[in-house]
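Below is one structure; the comments refer to it alone.
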Amino acid sequence: MVNEEKTRIMIKIAQYETDLGEKVINEGSCYKKDYIRSHMLSAMFNFSTAYILILVLAALYNIDYIFLNFVTINYVKLFFEIFVPYFLLIMFCAIIS
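For this note's numbering, add 1235 to where a residue sits in the sequence shown, where the first one is 1.
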């Protein structure tokens, strides 16, 4: 004979797994270090995407200056002005997250 109390418990567990339990089960399947690493990589990827979008917007805003002075721009200085702050900020972002 089927025990009604156990059936109710099994139904509640099944509802929990379909609603919220799948996320909890997936998070519990990896180690804490892997979970932290995945969130750090996600934060760094999001930060990099935002930084690239800001650079593209700045380049589009100054497109006239870029086209007029294409030959005279010091690209080595520009490289360091763009990527040194990026690497410093990405390190700061990695430390925070």
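Yeah, the Cβ is synthetic: ideal placement off N, Cα and C, and Gly gets one too.
None of these values were measured; they are calculated from a predicted model.
In this structure, Ile1301 sits near Ala1294, with a CB-CB distance shorter than 8 angstroms.
Under the three-state reduction of DSSP, Val1291 is assigned to helix. Asn1281 sits in a helix when the DSSP states are folded into three classes. In the three-state DSSP reduction, Ser1273 falls in the helix class (H, G or I).
For the pair Ile1325 and Phe1282, the CB atoms are nearer than the 8 angstroms cut-off.
Looking at Leu1290, Tyr1251 and Leu1276, the one whose alpha-carbon comes closest to that of Leu1313 is Leu1290.
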